[in-house]
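Asker: The structure is given below, and queries will be raised subsequently.
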Amino acid sequence: MSNLVEINFDGIVGPSHNYAGLSLGNLASAKHGGDASYPRAAALQGLGKMRHNLGLGLAQGLLCPLPRPNHGFLGALGLGDPADEAERRLRAAAWSASSMWTANAATVSPAPDTADGRCHLTAANLVTMPHRSQEWPDTVRQLRVAFADARHFVVHDAVPACFGDEGAANHMRMGTTHAAPGLEIFVYGRPGGAFPARQHEQASRAVARLHGLDPARCLFVEQSGEAIAAGAFHNDVVAVANERVLFTHEQAFADPEGTYAAIRAALPEAEIVVVPASAVSLADAIASYLFNAQLLTLPGGEMGLVIPLEAWEHPRVRAWLDGMLASNGPIRRVLPVDVRQSMANGGGPACLRLRVVADPATVDPRFLLDEARADVLETVIAKAWPEQIDPADLGRESLASSVVAARAALLEALGLSALA
Ligand code: SUG
Numbered sequence: 007m008s009n010l011v012e013i014n015f016d017g018i019v020g021p022s023h024n025y026a027g028l029s030l031g032n033l034a035s036a037k038h039g040g041d042a043s044y045p046r047a048a049a050l051q052g053l054g055k056m057r058h059n060l061g062l063g064l065a066q067g068l069l070c071p072l073p074r075p076n077h078g079f080l081g082a083l084g085l086g087d088p089a090d091e092a093e094r095r096l097r098a099a100a101w102s103a104s105s106m107w108t109a110n111a112a113t114v115s116p117a118p119d120t121a122d123g124r125c126h127l128t129a130a131n132l133v134t135m136p137h138r139s140q141e142w143p144d145t146v147r148q149l150r151v152a153f154a155d156a157r158h159f160v161v162h163d164a165v166p167a168c169f170g171d172e173g174a175a176n177h178m179r180m181g182t183t184h185a186a187p188g189l190e191i192f193v194y195g196r197p198g199g200a201f202p203a204r205q206h207e208q209a210s211r212a213v214a215r216l217h218g219l220d221p222a223r224c225l226f227v228e229q230s231g232e233a234i235a236a237g238a239f240h241n242d243v244v245a246v247a248n249e250r251v252l253f254t255h256e257q258a259f260a261d262p263e264g265t266y267a268a269i270r271a272a273l274p275e276a277e278i279v280v281v282p283a284s285a286v287s288l289a290d291a292i293a294s295y296l297f298n299a300q301l302l303t304l305p306g307g308e309m310g311l312v313i314p315l316e317a318w319e320h321p322r323v324r325a326w327l328d329g330m331l332a333s334n335g336p337i338r339r340v341l342p343v344d345v346r347q348s349m350a351n352g353g354g355p356a357c358l359r360l361r362v363v364a365d366p367a368t369v370d371p372r373f374l375l376d377e378a379r380a381d382v383l384e385t386v387i388a389k390a391w392p393e394q395i396d397p398a399d400l401g402r403e404s405l406a407s408s409v410v411a412a413r414a415a416l417l418e419a420l421g422l423s424a425l426a
């Protein structure tokens with residue numbers, strides 16, 4: 007009997023975590039570009055979130071950092087001299103730990119949704135941002151180890167680079183339960199605004215075809231231009247769904263009423279919780295990352311919202327959350343977590359995880375977390391992760407060797423040295 011549950015695969019924050027200000031349209035990345043970063047603290051915060059969710063009784067997975075600095079990327083760009091300031095951003099790109107945001111690793115269609123009854127994953131090409139465009143070949147390699155059982159999983163290469171794809175951050179799945187056939191909602195942006203629209207409609211349509219989805223259970227929805235212009239570089243900064251609930255800002259979609267109507271037509275049980283701009287403006291939503299939350303079905307059946315501390319501490323967001331909890335809505339618990347190091351680069355609790363509905367027994371167990379494995383990770387991170395990185399350190403040989411050694415120690419501790 008298969009036991010389909012939602013497993014959240016969090017990216018372990020890599021040892022080269024730094025603030026290089028690389029993501030145009032991501033306000034936090036721009037604001038913190040040039041700051042010192044604290045990779046050890048960042049990875050421990052991420053691990054703390056994983057332990058938090060494990061403690062709620064939920065299945066928890068992990069994905070490992072990718073090899074950095076990426077010498078292949080540097081070499082292909084002809085970059086050699088670490089002293090050349092003009093090339094600073096490109097060099098920083100080769101050091102980016104951005105694969106920690108595994109919501110961008112792939113788009114996932116669980117087995118109940120697909121024509122062949124297997125769970126399909128398509129790696130995201132992430133072509134809009136140079137530092138992210140180098141992720142997918144290594145991501146695919148890792149996904150093919152974690153989800154190697156071909157009876158249950160299919161891992162696809164990224165779609166062609168002419169169509170930008172940012173993975174699950176622009177994809178929502180709704181249904182009566184995780185194990186029931188779902189409605190898959192793909193959210194794309196239209197270019198031409200102040201900031202790049204990273205998700206191309208044709209990438210979403212290609213993923214839906216590759217996964218063998220039923221067109222009657224797919225929606226392709228345009229993200230609102232004003233949300234992108236306000237800093238919602240991914241849809242998961244302004245909306246999140248879980249089972250029958252959609253939790254969204256009223257300005258998330260280009261046609262909000264049409265979107266809600268289409269969802270209700272496909273899923274009559276849908277409950278749509280809309281946060282009005284009069285209570286929480288788009289600017290407040292993006293500064294606090296209220297929607298970059300993990301909306302989770304807890305073992306008791308009620309839903310909990312794992313939000314960043316920044317949202318809990320924001321007065322207008324807190325007022326709205328207090329009102330929501332006092333009402334009789336479907337979200338019964340609010341659970342704040344500290345992921346401040348990731349937040350300063352625009353990555354909240356939801357960015358740090360890739361959702362896969364699957365039977366945990368079909369996943370390579372080295373990618374599943376329990377308390378004992380969390381202890382092992384904590385020991386390796388505390389010992390091997392650099393404490394601090396100043397942007398000027400990027401390119402230094404001594405830092406490169408400690409970053410490489412730290413990742414190697416992690417892979418060894420997990421029995422995953424083949425990924426080195
Ligand atoms: O792609 N930040 C990431 C944040 C990704 C958030 N993911 C989701 N919303 N699902 C990005 O913009 C910043 C890197 C820097 O500036 O150093 C960065 O890549």
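Per our numbering, numbering of the sequence shown is gapless, rising by one per residue and ending at 426.
Ideal placement from N, C-alpha and C gives every residue a C-beta, glycine not left out.
(1) Does the separation of the CB atoms of Pro45 and Trp391 fall below 8 Å?
(2) Check whether the stretch 408-424 touches the stretch 381-395, counting contact only when three or more Cβ pairs, one atom from each stretch, lie closer than 8 Å.
(3) Assign His77 to buried or exposed, taking buried as 16 or more other Cβ atoms, counted over all protein chains shown, within 10 Å of its Cβ.
(4) Let me make sure I understand the geometry here. Which of Val243, Ala268, Ala271 has the alpha-carbon closest to that of Asn32?
(5) Grab me the residues of Val382's own chain with a C-beta within less than 6 Å of its C-beta, minus the 5 sequence neighbours each way, in chain order.
(6) Just verifying my parser: in three-state terms, what is the DSSP assignment at Gly310?
(7) Is the separation between the beta-carbon of Ala364 and that of Pro116 shorter than 8 Å?
(8) If you run the structure through DSSP and keep just helix, strand and coil, what is Gln148?
(9) Going along the chain, which residues of its own chain have a beta-carbon closer than 8 Å to the beta-carbon of Ser105, five neighbours each way excluded?
(10) Just the residues with CB closer than 7 Å to a heavy atom of the ligand SUG, in chain order, which are they?
(11) Can you check which of these residues, Tyr194, Phe169, Thr128, is closest to Asp163 by C-alpha distance?
(12) Any idea what DSSP makes of Phe79, helix, strand or coil?
(13) Grouping DSSP H, G and I as helix and E and B as strand, with all else coil, what is Met178?
(14) Closer than 7 Å by C-beta to Ala289: which residues in its own chain qualify, once you throw out the five before and the five after it? Chain order, please.
(15) Cα-Cα, which of Leu50, Asn59, His158, Arg204 is closest to Asn131?
(16) If you compare alpha carbons, which of Leu331, Leu273, Pro262 is closest to Gln229?
(17) In three-state DSSP terms, what is His162?
(18) Could you name the residues that DSSP lists as bridge partners for Gly17?
(19) Flag this pair as touching only if the stretch 210-217 and the stretch 238-257 have three or more C-beta atom pairs under 8 Å; answer yes or no.
(20) Run through DSSP, which three-state label would His38 get?
(21) Could you pull out every unbroken beta strand (DSSP E) segment of at least 3 residues lying fully inside the stretch 345-402, listed in chain order?
(22) Please confirm whether any heavy atom of the ligand GTP lies closer than 7 Å to the CB of Ala236.
(23) Going by Cα to Cα distance, which pick from Ala152, Ala109, Arg147, Val11 is closest to Asp370?
Answerer: Looking at the coordinates:
(1) yes
(2) Yes, they touch.
(3) exposed
(4) Val243
(5) Ala419
(6) strand
(7) yes
(8) helix
(9) Gly17, Gly20, Leu69, Pro71, Leu72, Ala111, Glu141, Asp144, Thr145
(10) Asn24, Tyr25, Ala26, Gly27, Leu28, Ser29, Asn32, Ser35, Gly39, Ala98, Ser102, Ser104, Trp107, Ala109, Asn110, Met135, His137, Arg138, Ala175, Phe239, His240, Asp242, Val243, Asn298, Asn351, Gly352, Gly353, Ala356, Cys357
(11) Thr128
(12) helix
(13) strand
(14) Ala236
(15) Measuring from the Cα of Asn131, the nearest candidate turns out to be Arg204.
(16) Nearest C-alpha to Gln229: Pro262.
(17) strand
(18) Leu69
(19) Fewer than three pairs of CB atoms, one per stretch, sit closer than 8 Å, so the stretch 210-217 makes no contact with the stretch 238-257.
(20) helix
(21) 359-364
(22) Absent from the structure shown: the ligand GTP. Ligands present: the ligand SUG.
(23) Ala152
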